[in-house]
Each structure stands twice: as C-alpha cells, then as structure tokens.
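A.B. asks:
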Amino acid sequence: MIPKDAPRADTVAILDRLVSFDTTSRRPNAPLIDWIAAYLRDHDVPFTRSRGPEDGKWSLHAIIGPQTAGGIAFAGHVDCVPVDGQDWTHDPFTLREEDGRLYARGAADMKGFVAAMLAAVPDLQAMQPARPVHLLITFDEETTCDGARHLMADVLSRDQLPDLCVVGEPTLMSPIVAHKGRLALRITFTGRAGHSSNPDGGANALHAMGRAIAYIADEASRFAREGCRAEGFVPPYTTMQVGLASGGAILNIIPEHAQLEMEWRPVPGDDARAEADRLQHALAPLHDELRRHGPDCGIRYEVICDLPPLDLPTEHPLTDLTRQVTGSNAAGHVSYGTEAGIYQRAGMPAIVCGPGDIAQAHRPDEWIAREQLDRCDRFLRAMARKVCSAP
Numbered sequence: 051m052i053p054k055d056a057p058r059a060d061t062v063a064i065l066d067r068l069v070s071f072d073t074t075s076r077r078p079n080a081p082l083i084d085w086i087a088a089y090l091r092d093h094d095v096p097f098t099r100s101r102g103p104e105d106g107k108w109s110l111h112a113i114i115g116p117q118t119a120g121g122i123a124f125a126g127h128v129d130c131v132p133v134d135g136q137d138w139t140h141d142p143f144t145l146r147e148e149d150g151r152l153y154a155r156g157a158a159d160m161k162g163f164v165a166a167m168l169a170a171v172p173d174l175q176a177m178q179p180a181r182p183v184h185l186l187i188t189f190d191e192e193t194t195c196d197g198a199r200h201l202m203a204d205v206l207s208r209d210q211l212p213d214l215c216v217v218g219e220p221t222l223m224s225p226i227v228a229h230k231g232r233l234a235l236r237i238t239f240t241g242r243a244g245h246s247s248n249p250d251g252g253a254n255a256l257h258a259m260g261r262a263i264a265y266i267a268d269e270a271s272r273f274a275r276e277g278c279r280a281e282g283f284v285p286p287y288t289t290m291q292v293g294l295a296s297g298g299a300i301l302n303i304i305p306e307h308a309q310l311e312m313e314w315r316p317v318p319g320d321d322a323r324a325e326a327d328r329l330q331h332a333l334a335p336l337h338d339e340l341r342r343h344g345p346d347c348g349i350r351y352e353v354i355c356d357l358p359p360l361d362l363p364t365e366h367p368l369t370d371l372t373r374q375v376t377g378s379n380a381a382g383h384v385s386y387g388t389e390a391g392i393y394q395r396a397g398m399p400a401i402v403c404g405p406g407d408i409a410q411a412h413r414p415d416e417w418i419a420r421e422q423l424d425r426c427d428r429f430l431r432a433m434a435r436k437v438c439s440a441p
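Counting the sequence shown from 1 gives a position; this note's numbering is that position plus 50.
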C-alpha cells in the first residue's frame, strides 16, 4: 500500500502553469515544452527533445539516475481537446479550485499526471536511484498519437528503452491492463458534377458514400452479432462506426465530392488493418463505378490514427506491482485507447494508472480532485522506489 505520510510536492502549482498553455492539438506545444525544459534544467535533469512532422510539436524524454536503458517510465501527453462550442463557466485555461476540485482544460486528461511527474523530480533525485526513472511527455495523443511514435523511435535509436512503463491516463488510480485499439480512416469519394435533372451526366459522390456507410453499418452489426469476444470490455467485441460525413454544395447539382471519417476499436486479437483491407475490397466496385467517369474519380483512403490495443497479462510483474502500490485488487479493461499500446509494441510492458476520472475528460468544466493528485504523488514515489532503488 502507498504510505499515507509520503512527501507531497506542489503538484497543484505546477498544474496551474501547465493548464495556462493552450495546447489543444491543433496548436503547437513548443511553449509548454520549453517551460518543462527550463524546469528540468533548474533541477539538473538531463533530457532530450524529439520533434514531430509539424513545426512547434515536440516530445520530451528525461532521465533521473543512470542515463541508460532499463528502470521505469512514467508517461503522459500534454495536448488536450478543444473547448470550442463548450459551455465553460470560467476560463478553461486558468486553474480554479472549488470544494476540492481543480477545474481547467486538461486537468484530468492528462496534465494532472504530468504535473505530478514533474513535482516528483526533487524526491526522485534524492532517492539516488540505482536504475533510471524515465519521464516521457508527448504531443498529439488526442489525434494521431504520432508524438509517442516519434518519441519511441528516438528512444530506441539511443538505446534507452525503459523496462516498464506507467501511462497516467485518468483511471481513478486503478490499474488498467488492457484497452482496445483504434484505427481511423478518412475516405474521400470523387465523382463528376452535373445538373441534377440529368443524373447520367455526372457521378454522384454522395450516393457512393451512402452505399459505403450502409456497408459499414452492416459490418458493425456483424461484429456485435458474431465478432470475437473479449470479456472485460464494454462492449466485449470490436466496434466500428462512421462519425463524420459531408458532401454536396446545392441540391440541383450532382455532388462531385463527399467525405467520411470512420473508425474501428478492435479488441486484442482482432486486426483492424485486415478489416480495413476487407472494407477496401468490398468498396472496390464503387470505386470502379466512379472511375468510369474519369481518371481523377474514385475512392481514396487515408489513415488518420492507428493505435494498437494494450494487452498486459494479469500475472505480469508490472500488474502485481501496480496492484500492490495502489492497494487495488482489480486489473481492469477499458474501451478507449491510450499510448500504452504504442509503448508495448515498442517492447516496453505498459500499464495504465493515473489520477482523475475519464468521465470528466473532454467535457466543459473538466476537473480533477485534489485527493486524486495526492494519491498520484504517493504512487509515483512508491513505484520508483520499488523498481529503481538499489537492492
């Protein structure tokens, strides 16, 4: 169990600074990473930054203790979802406390955990760990998860891969050993414009998209009826849906362009890439039908997000250790995705355990309980002590 008298750093003060940076995924995160870099320099913690494909997007890898592979990593992202169209009662980028709740965009998902990571730095240094404690901070988790991919490539190139990883997404400090993956596609339909009074004079992209949506809906029903079952998930099967669709200009013009965005959320064991190939094969006749109207017509597929599932065995030492430190008997499953699957695929066993409630994420007046941050503060120090202290 986590000792109740464990030292508490000023996590809330750091959270106050982190949420003041608008790091919604469409914006650069460089100013926030610069602030974290300055904080680490002040504490003499070595770190490396790795940039993404877009200007102003950075991930960061810091190591406390031996500058080597091994040890344990604490991982969090600093991007957050937009506040547009949400009814906030206060400025979403100014931390506000009321009745033990700390309100701000990203407070729960997941700057609270990153604040606790940074606040723990002086105590982690004082432990003089025999094995390294890694801090992994990424961008674009809410969109592509490319930050974690670029960071892992950089870490592997330097031969500094940790042995274990804790991803601090909000779980109310309960261990999560498995989550679904996510494969998202943008599908563009290109037809030929014409006057609606002469349907044969054009190719209706919206009609093609409608047939594709009908097929996707049927496939979603097939998964629900007869798909692979993975108990512990809600629902216990792979899901798929169309979430966005658009096309057309005015009613009396045959629509030349249409576009949809869709996703699979596969349970461990199901292959979303194979399902994407199956979809493309099924829609091939639609593509050929559009293609008859010109070489620029047809169906185009673009991967938006490819997030692998997480499947850590319940008997893995990391599961046992996290249960021991949190005092939890459970090891749960969730249907949302995290960067933990990317870390596991890179060769680093990962578990999800962090402060706050996922039910508060992405909502107006997002909040995290101060009590959850207190528990996280103790958790981080206890995990580092057990994994990285000299025997």
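Even glycine gets a Cβ: it sits at the ideal position worked out from N, Cα and C. Predicted, not measured: the structure shown is a model, and the values here were computed from it.
Report the rounded CA-to-CA distance for Gly391 versus Arg323, giving the unit in angstroms.
C.D. replies: The alpha-carbon atoms of Gly391 and Arg323 are separated by roughly 15 angstroms.
A.B. asks: Restricting to Cα atoms, I'd like to know which of Arg67, Leu145, Arg151, Ile122 is closest to Leu211.
C.D. replies: Answer by Cα proximity: Ile122.
A.B. asks: Please classify Gly277 as buried or exposed, where buried requires at least 16 neighbouring CB atoms within 10 angstroms.
C.D. replies: Per the 10 Å Cβ criterion, buried.
A.B. asks: Looking at the structure shown, is Glu421 part of a helix, part of a strand, or coil, going by DSSP?
C.D. replies: Three-state DSSP puts Glu421 in a helix.
A.B. asks: Can you tell me which of the three DSSP states Tyr351 falls into?
C.D. replies: Note: Tyr351 maps to strand in three-state DSSP.
A.B. asks: Do His229 and His383 have their C-beta atoms within less than 8 angstroms of each other?
C.D. replies: Their beta carbons are under 8 angstroms apart, which means His229 touches His383 by this criterion.
A.B. asks: Look at the alpha carbon of Ile349 and the alpha carbon of Ser75, and state the distance between them as a whole number of angstroms.
C.D. replies: The alpha-carbon atoms of Ile349 and Ser75 are separated by roughly 28 angstroms.
A.B. asks: Suppose only complete runs of 3+ residues qualify. What are the beta strand (DSSP E) ranges in the segment 113-190, listed by chain order?
C.D. replies: Counting only runs of 3 or more, we get 122-127, 146-148, 151-153, 183-188.
A.B. asks: Should Asp370 be labelled buried (16 or more other beta-carbon atoms within 10 Å of its own) or exposed?
C.D. replies: Exposed: under 16 other Cβ atoms inside 10 Å.
A.B. asks: Could I get the ranges of all uninterrupted alpha helix (DSSP H) runs contained in the segment 373-440, with 4 residues as the minimum, in chain order?
C.D. replies: For the segment 373-440, whole alpha helix (DSSP H) runs of length 4 or above, ordered along the chain, are 390-395, 420-438.
A.B. asks: May I ask which residues mark the beginning and end of the alpha helix (DSSP H) holding Phe273?
C.D. replies: It spans 255-276 - the alpha helix (DSSP H) in which Phe273 sits, taken as one unbroken run.
A.B. asks: Can you tell me whether DSSP reads Thr289 as helix, strand or coil?
C.D. replies: DSSP places Thr289 in strand when its eight states are reduced to three.
A.B. asks: If we ignore side chains and look at the alpha-carbon of each, how far apart do Ala409 and Ile86 end up?
C.D. replies: If you take the alpha carbons of Ala409 and Ile86, they lie about 27 angstroms apart.
A.B. asks: Alpha carbon to alpha carbon, how far is Met160 from Gly102? Give it in angstroms, no decimals.
C.D. replies: Taking the straight line from one Cα to the other gives about 20 angstroms.
A.B. asks: Check for me: the beta strand (DSSP E) holding Val14 runs from which residue to which?
C.D. replies: Since the first residue of the chain shown is 51 and the last is 441, residue 14 is not available in this structure.
A.B. asks: For Arg236 versus Glu352, is the C-beta spacing smaller than 8 angstroms?
C.D. replies: Taking 8 angstroms as the Cβ cut-off, Arg236 and Glu352 qualify as a contacting pair.
A.B. asks: With which residues is Val227 paired in a DSSP beta bridge?
C.D. replies: Per DSSP, none; premise fails for Val227.
A.B. asks: Using the Cα positions of Arg279 and Leu333, report the straight-line distance between them to the nearest angstrom.
C.D. replies: So the alpha carbons of these two residues sit roughly 26 angstroms apart.
A.B. asks: Touch check for the segment 255-267 and the segment 363-382: three-plus C-beta pairs under 8 angstroms?
C.D. replies: No, they do not touch.
A.B. asks: Three Cβ pairs or more, each shorter than 8 angstroms: is that satisfied between the segment 103-111 and the segment 152-166?
C.D. replies: Contact fails: fewer than three Cβ-Cβ distances are below 8 angstroms.
A.B. asks: Thinking C-beta only, is Val217 closer than 8 angstroms to Tyr393?
C.D. replies: The answer is yes: Cβ separation under 8 angstroms.
A.B. asks: For Leu214, which of helix, strand or coil comes out of DSSP?
C.D. replies: Strand.
A.B. asks: Can you tell me where the beta strand (DSSP E) with Leu237 in it begins and where it stops?
C.D. replies: Sequence inspection shows Ile at residue 237; the Leu mentioned does not correspond to that position. Taken as a continuous stretch (DSSP letters only), the beta strand (DSSP E) holding Ile237 covers 232-240.
A.B. asks: Counting only the same chain and skipping the five closest in sequence on each side, list residues whose C-beta sits under 6 angstroms from that of Asp204.
C.D. replies: Closer than 6 angstroms at the Cβ level, and outside the excluded window around Asp204, lie Ser100.
A.B. asks: Does the segment 402-422 touch the segment 140-155, meaning 3 or more C-beta pairs lie closer than 8 angstroms?
C.D. replies: They touch, by the three-pair rule.
A.B. asks: Check His245 in the structure and name its three-state DSSP category.
C.D. replies: Reduced to three states, the DSSP call for His245 is strand.
A.B. asks: Are there 16 or more other CB atoms within 10 angstroms of the CB of Ile300, so buried, or fewer, so exposed?
C.D. replies: The residue in question, Ile300, is exposed, as its Cβ has fewer than 16 Cβ neighbours within 10 Å.
A.B. asks: Give the DSSP-derived three-state secondary structure of Arg328 in the structure shown.
C.D. replies: In the structure shown, Arg328 sits in a helix (DSSP, three-state: H, G or I).
A.B. asks: What did DSSP end up calling Glu339 once you bin it into helix, strand or coil?
C.D. replies: Here Glu339 sits in helix by DSSP.
A.B. asks: Against chain C, with Cβ distances strictly below 8 angstroms, would Phe429 count as a contact?
C.D. replies: Protein chains in the displayed structure number just one, and chain C is not present.
A.B. asks: Under DSSP, the alpha helix (DSSP H) around Arg199 begins and ends at which residues?
C.D. replies: Residues 196-207.
A.B. asks: To the nearest angstrom, how far is it from the Cα of Asp55 to the Cα of Pro225?
C.D. replies: Reliability of the predicted coordinates at Asp55 is poor, the pLDDT of 44 falling under 50, and the value obtained from them is presented with this limitation in mind. So the alpha carbons of these two residues sit roughly 22 angstroms apart.
A.B. asks: Which residue marks the beginning of the alpha helix (DSSP H) containing Ala80, and which one marks its end?
C.D. replies: Ala80 -> alpha helix (DSSP H) spans 80-92.
A.B. asks: When the Cα of Cys347 is compared with those of Arg242, Arg232, Thr193, Asp72, which residue comes out closest?
C.D. replies: It is Arg242.
A.B. asks: Please list, in chain order, all residues of the same chain as Leu201 whose beta carbon is under 7 angstroms from its beta carbon, the five residues on each side excluded.
C.D. replies: If we look at Leu201 and ignore the five residues flanking it on each side, its Cβ neighbours are Ser100, Ser109, His111, Leu186, Thr188.
A.B. asks: Classify Thr61: buried if its beta carbon has 16 or more other beta carbons within 10 angstroms, exposed otherwise.
C.D. replies: So Thr61 counts as buried.
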